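Below is one structure, written out as structure tokens; the observations come after it.
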């Protein structure tokens, strides 16, 4: 793109354009701090707020929320406030408890009760578990029970005595006796009141022995029949005693259960559980009579047979009695146990045991019926937690899993009954985490259908400037800091515009704004001020930079000591000062770097030395290739360019990326080809396209200030300055020292929209425009470049002719 005569005065920017100053007077307003972004964080985030409210309001499955945005943008503050606002309007969810499942102790039963009644039920069951053994003990220790049991046992003893007496009578009549031995009852022959020994029986005659044996056989049959009838009667006795025990236990139990039934008459699940409990007590009455109950508890625990002391207690998993509205749970470090709950263990007598009372709730249990806010970065680092969350959302149910692989010894553990899950999940992270989850799990979008993007900036209006003032007032009031004078608040507003590199916008990263407010208060107090003034804010900004500015200071020292060569006066062919930005942790600063170019006869290529040694990134390489396109379009209309050139960022040993130096490279290349000196007191930044348009770049304020610091350290001459893209004028929020130097005529900032404007500033020559015959003026920049390229072409043709002649002679 070639232009005619350029008025250089129109390219220089007036001091008023170098920053947009905030008028302190407009910040003075009446009213309260209500709506201050420090407390609500909603200023400037209308799109995000609308998306959040939509996600919180829609109740369809899968419409969970993923929030993206930079740290410090107020996203957590906004999300928490909006979620809590929504939660207050919702009903308090039910309590959840786990009780023992008597039919399957390995799968505790979940009970659901209205909020507050879970705590009540737990207290009732604690009292029941304490009172029940006492009531049963009293019942079984009563005279009435002893009498009833004695009557049953007396009947058995009478039958036993009469039955055995009949056997004894029959034995006596047959010269035999009923003998009671440790091993049991048996019948033996007698003589003269003495039992016959086997030896004595063997000495009897055969007839006598046969008679005795016949008697013994008949008596043994009779005894067996009696003993069989006694055993049957003993079983009936035990059954009668068991029935008696159950009747006594039931009589003692019923008043306790009736009291509970009355309290929970409107809860069918509780009533069903109480009936199951009643049957369990009656089935295990002996546990409350046994003197070795402690031994049974140890054995039972290892078999998931819950000790009697805990058997009827309720585990209050989720207690919502203190809530006013739905719960809001925030999890910064999600793990399996924190998110989904766990089953804990006790060690009793050296045995690792557990039961339903050792089940612990996770964040999802606590948030059930409400809202769960999770740090997405932490979630991504624990992928198994994401898998569990996805499964819970897919099933709309919450199952506590036991992770035996984390235990050294595998144990039998409960698998609690799943609980219905109704929760709105909000993940907070970066766009990178969002994309990572999408790539790791194709189903991610099924469960998080609402994306909320928090912007880093907002329009700068009177209202948003005043929002900054309200923010400062609310923060200083809450943290008991010094108050801010309007001028000090205005300087903070200007800092907010500097953060986003735009005069008409302000940063929404209130975390950084808050830190500046706190630091300014500190320096004001150090200076003995009773309120923060503008100079205190300036001091805070200066001290922020000083704390991290060692690398910048060393870089400036290297330039001043000529260890890094940066020329700031005179003219040089094929050399220009390009402006770069260095980022190191919290430090970002501008640094001038020499770009040099060499041109010679060749085949029309431009060699990027940084790219050749793998120091140039793809965007930088793209910028260099753009220069080839510019040269071809500007000078190669009549034929191929017989030129080669090399470009280099001198004394730059780190990777370089971006195309913001492509303007400087192009100016150096034009200078090298046309042998036109370039001013070294001007530095250049800007991207360029193939048509010669100069395009906007980032970091313009840091770049200008970086070159200014070098010039100031060497001594301002009044001619030094920077050439920037015109599209970056609105990006300017320069430091007061730079603006003051421009106002005093000691430093200059030019804004260009074309290569021709920039090259005119750098050379002092007109860029030149083609005439009706397509030629550039001889004394213009483009005319000199075209003339030199023509010389290159002639030299190239002469060289080819000489080569052809040599080949002809060789043949």
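In my numbering, the protein residues as written are 64 to 874.
Glycine is no exception: its CB is placed at the ideal position from the N, C-alpha and C atoms.
These numbers come from a predicted model, not from an experiment.
- Taking each of 517, 801, 549, 505 in turn and checking the Cα distance to residue 135, the smallest one comes out for 517.
- For residue 788, there is no enclosing alpha helix (DSSP H); the residue is part of the beta strand (DSSP E) that begins and ends at 784-788.
- Boundaries of the alpha helix (DSSP H) harbouring residue 605: 597-611, taken from the DSSP string.
- Secondary structure note for residue 726: its alpha helix (DSSP H) is the uninterrupted segment 725-737.
- For residue 772, there is no enclosing beta strand (DSSP E); the enclosing alpha helix (DSSP H) has its first and last residue at 763-777.
- A Cβ-Cβ contact shorter than 8 Å links residue 658 with residue 727.
- Within the DSSP bridge table, the entry for residue 158 names 176 as partners.
- In this structure, 768 is the residue among 401, 768, 623 with its C-alpha nearest to the C-alpha of residue 561.
- Nearest to residue 847 by alpha-carbon distance, out of 834, 828, 493, 857, is 828.
- For the set 783, 661, 406, 529, the Cα lying nearest the Cα of residue 735 is the one of 661.
- Contact between the segment 480-489 and the segment 521-530 is absent: fewer than three C-beta pairs spanning the two stretches fall below 8 Å.
- Distances from the alpha-carbon of residue 550 to those of 543, 532, 537 put 532 closest.
- Under the Cβ criterion (8 Å, minimum of three pairs), the segment 598-611 does not count as touching the segment 624-633.
- Judged by DSSP in its simplified three-state form, residue 405 adopts strand.
- Contact between the segment 507-517 and the segment 71-80 is absent: fewer than 3 CB-CB pairs across the two stretches fall below 8 Å.
- When DSSP reads this structure, residue 240 sits in a beta bridge with 251.
- Distance between residue 838 and residue 832, taken at the CA atoms: about 8 Å.
- Your pair residue 656 and residue 715 checks out as a contact, with CB atoms roughly 6 Å apart and the cut at 8 Å.
- Excluding the 5 residues flanking it on each side, residue 704 has same chain C-beta neighbours closer than 7 Å at 667, 694, 695, 698, 852, in chain order.
- In the structure shown, residue 487 adopts extended strand secondary structure according to DSSP, grouped into three states.
- Taking C-alpha positions only, residue 849 is separated from residue 841 by approximately 9 Å.
- In this structure, residue 805 lies away from residue 119, with their beta-carbon atoms at least 8 Å apart.
- Taking the C-beta atoms as reference points, residue 424 is found nearer than 8 Å to residue 404.
- For residue 202, the number of other beta carbons within 10 angstroms of its own is at least 16, and it is reported as buried.
- A direct Cα-to-Cα measurement between residue 326 and residue 539 gives close to 53 Å.
- In chain order, 165, 320, 375 place their CB closer than 8 Å to the CB of residue 340, counting only its own chain and leaving out the 5 sequence neighbours on each side.
- Annotated as proximal: residue 569 and residue 559, with beta-carbon spacing under 8 Å.
- Taking a 10 Å sphere around the C-beta of residue 783, we find 16 or more other C-beta atoms and assign the residue as buried.
- According to the DSSP assignment, residue 502 belongs to the alpha helix (DSSP H) that extends over 494-503.
- Straight-line spacing of the CA atoms in residue 557 and residue 443 works out to 37 Å.
- Residue environment analysis places residue 439 among the buried positions, since at least 16 neighbouring C-beta atoms fall within 10 angstroms of its C-beta.
- Contact annotation, residue 178 with residue 383: C-beta distance approximately 4 Å; criterion of less than 8 Å satisfied.
- Residue 611 and residue 143 have their C-alpha atoms some 33 Å from each other.
- Of 287, 129, 644, the smallest CA-CA separation from residue 117 is found for 129.
- Short of 8 Å from the beta carbon of residue 182, and not among the five residues preceding or following it, lie these beta carbons of its own chain, in chain order: 158, 379, 382, 384.
- Considering only 664, 106, 786, the residue with the shortest C-alpha distance to residue 723 is 786.
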